[in-house]
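Visitor: So that we are looking at the same thing, I have put the structure below in structure tokens.
Here it is as structure tokens:
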């Protein structure tokens, strides 16, 4: 057999740092291990998630608004007769009133006045002028987002926009995206 080698010549021998020896001192070039970060528990992670969600939802909402302004509404619902709010439906083929159209898409679950009040509150909260064109754009944006998210009711999004709008300082499409995402994640 071979003779045993001295301890410090063995391949597995590691020098003992002076700080580990009682009474030893730490050399000036000693590396301090980095502190562990909080990872995703820090507030920065929430910001990253919000940015990613907005990056996904804003183009979807933008497409909905663009298609509404170009008259590219893909809904094929029609109404007959005047709306409950006293506004007459425009012509024999269906209503040209965007509030009545939204009410029909919502399957008549809400009265004309309820849909109009929710829409007016959401538009006012985001400093969007109240007009038929903006009613149409608003509902197109809300319906586009809620079609892609399960468990998110369009009227809940409108109510959230009305509540969040004044404090957020964001415009209608951005607030809609935040509200729809928040409702989806909470649900």
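Residue numbers (my numbering): 11 to 197.
Ideal Cβ positions, reconstructed from N, Cα and C, are used throughout, including at glycine.
Does DSSP put residue 137 in a helix, in a strand, or in coil?
Guide: On the chain shown, residue 137 is found 127 positions in, with the first residue counted as 1. Reduced to three states, the DSSP call for residue 137 is coil.
Visitor: So with Cβ pairs under 7 Å, would you call residue 195 a contact of chain D?
Guide: Among the chains in the structure shown there is no chain D, since it carries only a single protein chain.
Visitor: Tell me whether the beta-carbon of residue 191 lies closer than 7 Å to the beta-carbon of residue 151.
Guide: Taking the first residue of the chain shown as 1, we reach residue 191 at position 181. Taking the first residue of the chain shown as 1, we reach residue 151 at position 141. No, these two residues do not count as a Cβ contact at 7 Å.
Visitor: Tell me where the alpha helix (DSSP H) around residue 147 begins and ends.
Guide: Here residue 147 is taken as the residue at index 137 of the chain shown, counted from 1. Start and end: 142-158.
Visitor: Would you call the stretch 173-183 and the stretch 121-137 touching, i.e. three or more CB-CB distances under 8 Å?
Guide: yes
Visitor: Measuring only the C-alpha atoms, how far is residue 194 from residue 166?
Guide: As a working mapping, residue 194 is identified with position 184 in the chain shown. As a working mapping, residue 166 is identified with position 156 in the chain shown. Rounded to whole angstroms, residue 194 to residue 166 spans 11 Å at the Cα level.
Visitor: Using the three-state DSSP reduction, which class does residue 120 fall into: helix, strand or coil?
Guide: Within the chain shown, residue 120 is the residue found at index 110, counting from 1. In the displayed model, residue 120 falls within coil according to three-state DSSP, outside both helix and strand.
Visitor: In whole angstroms, what is the alpha-carbon distance linking residue 123 and residue 141?
Guide: One-based indexing of the chain shown puts residue 123 at position 113. One-based indexing of the chain shown puts residue 141 at position 131. Looking at the two C-alpha atoms, the distance is approximately 15 Å.
Visitor: Figure out for me which residue from 178, 171, 162 and 153 has the closest Cα to the Cα of residue 127.
Guide: As a working note, residue 127 is residue 117 in the chain shown. With distances taken between Cα atoms, residue 127 lies closest to 171.
Visitor: For residue 106, does the three-state DSSP call read helix, strand or coil?
Guide: Translated into positions along the chain shown, residue 106 becomes position 96. In this structure, residue 106 counts as coil in the three-state DSSP scheme.
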